[in-house]
Amino acid sequence: MASVLGPSVLLYLLLFAEYFKNGVATTSDIERDAKAQYTHRIDSLNLLLYTFLLISTVLTIWMFKHRRLRFLHETGLAVIYGLIVGALIRYAGSTTTVSRINVFPEKGTHYNDSLPPDTVWLHYPYKTPTSSGVQQANKTYAYTFRGEIKDVENNEIDLKATFDPEIFFNIILPPIIFHAGYSLKKKYFFRNLGAILMYALIGTTVSSFTVGALMYGMVQIIPHLRTSFTFLDSLYFGALISSTDPLTILAIFNDLHVDVNLYALVFGESVLNDAVAIVLSGAIRNYGERYQSGSGSFETDAFLRAFGDFIFIFTLSLMIGAIMGCLTAILTKFTRVRDFPLLESALFVLMSYSTFLIAEVADLTGVVAVLFCGICQAHYTYNNLSSDSRTRTKQLFELMNFLAENFIFSYIGVSMFTFPKHHFDPGFIIAGFVCAAIGRAANIYPMSFILNLGRKPKISYNFQHMLFFAGLRGAMSFALAIRNTVSEARQAMLTTTSLIVIITVIVQGGSTMQLLTWLNIPVGVDDEVELLPYSSARNDINDSASVSGSNSVSGSKDNGKALLARWWAGLDTKYMKPFLTHARPTLLETLPVCCNPLARLLTTTEQLTQECGRSRLDSDSELCLEENEMSFSDLRRSSSGQRAERHLLSGDLGLGGLGGLGGLGSNLVGHGSTVGTRVRMPGPDGNHL
């Protein structure tokens with residue numbers, strides 16, 4: 000026994016001696032573990048603060064469902080909650096300062112002030128004492144670039160409460176933008192397509208350059224800003240501040256059932272102008288980086304190239320989004336992944352998110368790509384999903400959008416006190432508010448005037464005032480402003496943008512209900528009855544909805560669509576839906592006979608065996624109206640209860656809807672029939688009647 004214990008005791012003594020010999024490393028590991036644990040606690044504390052902010056917002060929304068305050072909305076309260084928490088962190092938080100050491104570049108080292116290094120290597124060539132009394136040497140530590148700071152006394156909670164701006168673009172924004180496309184009310188969006196494109200594309204561009212030109216004039220008047228802001232800085236500010244986010248107003252519209260066409264105009268413009276604003280700001284940035292001369296003079300050739308970049312990037316990003324959406328539809332149609340709803344939902348989410356990343360990697364715009372990916376996923380892929388995946392994806396992205404939107408508004412409030420790169424300049428802030436309002440007016444009123452030249456019924460002044468008022472700034476403007484805060488000009492832009500977002504959300508959002516009353520805009524307007532999917536013959540639906548009033552953008556309850564949408568209808572019905580979904584008619588019926596082998600390859604057994612009435616699976620199936628589909632709901636009742644035919648010119652300038660049903664519609668009116676259903680008769684074409 001002793002012979003066994005002796006070597007064991009000797010081994011333990013040797014290990015104990017080795018422990019004392021390497022005590023420096025052990026002590027160092029303990030200190031680093033303690034620092035890592037402290038950092039983890041700080042991170043958890045800040046995440047807990049934002050979690051409590053979201054919990055407070057959710058409880059507030061729940062209370063507002065029972066009793067709404069007239070001049071206060073939950074989004075405004077989310078900002079106010081953020082301001083309160085930010086003030087507490089800044090002035091009542093921990094005073095533990097961040098340890099630091101001043102490092103200076105060596106003489107002769109190449110160093111670019113305008114472009115600091117990505118990392119700094121801190122090398123300890125000399126022996127340094129530790130808490131154990133033993134000295135260590137030859138240690139090198141790497142530090143990542145965080146940006147310029149002015150207040151060197153920041154405490155650790157302040158710094159941790161500020162997130163990397165790339166988190167907004169790569170994690171928070173994609174679900175918000177995708178949900179906008181995936182939940183789009185396509186029926187009313189495409190019914191007002193011309194006006195939406197006019198406001199979002201042309202109007203946003205006009206607004207951006209109007210704000211940029213006015214801001215440049217303002218900074219030239221203010222002496223201390225003249226040297227800090229260039230013309231490109233002013234244009235960039237105009238581009239980012241022209242993005243609107245009327246989340247608060249849309250929520251009120253939805254609760255009060257405001258006219259659906261007004262809702263579509265506000266929502267559609269806000270969705271598309273986010274994409275336009277980010278592409279336009281990128282084009283302005285590219286102009287400055289690639290083409291502008293050192294003298295700062297305007298270059299016509301460079302401007303035209305930047306404009307070409309704008310068109311190219313927007314178009315290519317749109318195509319990537321559409322292609323990825325169609326690719327997902329193909330995968331879900333020609334595979335049996337729907338037998339495993341969890342895998343199907345995971346594939347759907349990953350394909351959608353990869354769209355954003357592909358566009359960003361290709362130096363395009365992920366926001367545009369993921370927006371149109373969402374629209375394609377809703378129109379095609381949604382039809383192929385199992386019932387579980389449909390419910391899961393709809394609810395998942397709705398939840399992610401809700402949390403991300405409210406997080407951003409709370410963070411805007413917190414960052415006003417914790418973000419270390421704010422630059423408060425009263426002159427620039429006041430000029431920003433004034434120019435942003437003028438730029439919004441330059442979008443709405445001239446564009447509405449042009450639209451009204453060929454649109455009947457016209458967009459009334461009351462609706463134009465509401466559209467002007469709905470220009471709240473939000474997530475996209477803030478994300479664009481916070482992405483680059485290196486220079487003093489960009490820091491002033493961030494501060495001004497944050498204040499504009501806060502004021503517009505709280506003041507304009509809170510006064511929306513009162514403005515609806517002042518402008519005499521009707522509320523409580525019933526939407527059209529949504530027809531149930533999966534039915535081969537639907538019951539007649541009485542057209543019981545009344546016209547909202549003479550001030551309505553389109554008071555008719557019609558199926559009028561823009562000509563562009565009707566042109567797309569034929570292509571979509573004959574080729575796109577039969578190829579990408581299980582819809583009928585099949586490609587065997589729509590393609591020429593010579594293409595039958597290819598058509599049979601692209602036609603699933605489910606398409607051939609399903610009943611004819613299941614050709615339209617999506618609940619919001621009005622994105623594309625089949626060219627052979629005649630809806631009898633083109634008849635409506637006037638506010639006095641009398642039936643009236645829809646005006647043939649109803650729609651947008653140059654994209655006016657095709658109204659009327661010809662002789663069939665006249666016969667229906669003559670017989671006093673009001674029919675709101677479509678019936679598919681059996682036959683080789685399965686035509687709607």
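Numbering-wise, numbering that gives the first Met the number 0 puts 78 at position 79 of the sequence shown, and it's gapless, one number per residue.
Each residue gets a CB set at the ideal place from its N, CA and C atoms; glycine is no exception.
None of the values given here were measured: they were computed from a predicted structure.
| Query | Result |
| --- | --- |
| Straight-line Cα distance separating Gly509 from Leu515 | 12 Å |
| Cβ neighbours of Ser385 in the same chain (closer than 7 Å, five flanking residues each side left out) | Arg337, Pro340, Glu343 |
| Per-residue DSSP class, three states only, for Lys34 | helix |
| Beta-bridge pairing of His122 - partner residues as DSSP gives them | Thr139 |
| Neighbourhood of Val119 by C-beta, 6 Å cutoff - its chain only, sequence neighbours within 5 removed | Tyr142 |
| Short Cβ contact (8 Å threshold) for Phe423 with Leu224 | no |
| Contact between the segment 366–381 and the segment 327–336 (3+ Cβ pairs under 8 Å) | yes |
| 8 Å Cβ cutoff met for Phe406 and Ile171 | yes |
| Where His422 sits in the DSSP three-state scheme | coil |
| Cβ-based neighbour list, Asn400, same chain, cut-off 7 Å, excluding 5 preceding and 5 following | Pro174, Ile175, His178 |
| Close beta carbons around Lys332, own chain, < 6 Å, minus the five adjacent residues each side | Asn383 |
| Anticipated Cβ contact below 8 Å, Ser55 with Tyr80, distance rounded | 5 Å |
| Pro340 in three-state terms, based on DSSP | helix |
| Beta-carbon proximity check, Phe468 vs Thr74, cutoff 8 Å | no |
| Any alpha helix (DSSP H) of 4 or more consecutive residues that is wholly inside the segment 181–269 | 185–190, 192–196, 203–220, 222–225, 230–240, 246–255 |
| Counted within 10 angstroms of its Cβ, other Cβ atoms place Glu700 as buried (16 or more) or exposed | Within the shown structure, residues of the chain are numbered from 0 to 688, placing residue 700 beyond reach of any answer. |
| Environment of Thr139 [buried if 16+ CB atoms lie within 10 Å] | exposed |
| 4-residue-minimum alpha helix (DSSP H) runs that sit fully inside the segment 449–508, ordered along the chain | 460–468, 474–481, 487–502 |
| Best match in Leu370, Ala440, Leu349, Met323 for proximity to Phe706 [C-alpha to C-alpha] | An answer regarding residue 706 cannot be provided, because it is not within the stretch 0 to 688 covered by the chain. |
| Coarse secondary structure for Leu600, derived from DSSP in three states | helix |
| Cβ neighbours of Glu359 in the same chain (closer than 6 Å, five flanking residues each side left out) | Gly365 |
| Cβ neighbour criterion (16 or more within 10 Å) applied to Asn101 | exposed |
| Residue range of the alpha helix (DSSP H) that includes Gln394 | 386–417 |
| Supposed close pair Glu404, Ser227 - CB separation, criterion 8 Å | With 8 Å as the limit, Glu404 and Ser227 do not qualify as a contact, their Cβ atoms being about 33 Å apart. |
| Inter-stretch contact at 8 Å, needing at least 3 Cβ pairs: the segment 344–358 / the segment 587–601 | no |
| Glu588 versus Trp567: straight-line alpha-carbon distance, rounded | 19 Å |
| Proximity below 8 Å, CB of Val265 to CB of Leu466 | yes |
| Assigned secondary structure, Gln609 (DSSP; H/G/I helix, E/B strand, else coil) | coil |
| Expected contact under 8 Å - CB spacing of Ile277 and Met475 to nearest Å | 7 Å |
| Top-ranked residue by Cα proximity to Lys186, from Met197, Asn169, Asn285, Gly267 | Gly267 |
| Simplified DSSP state of Leu514, which is helix, strand or coil | helix |
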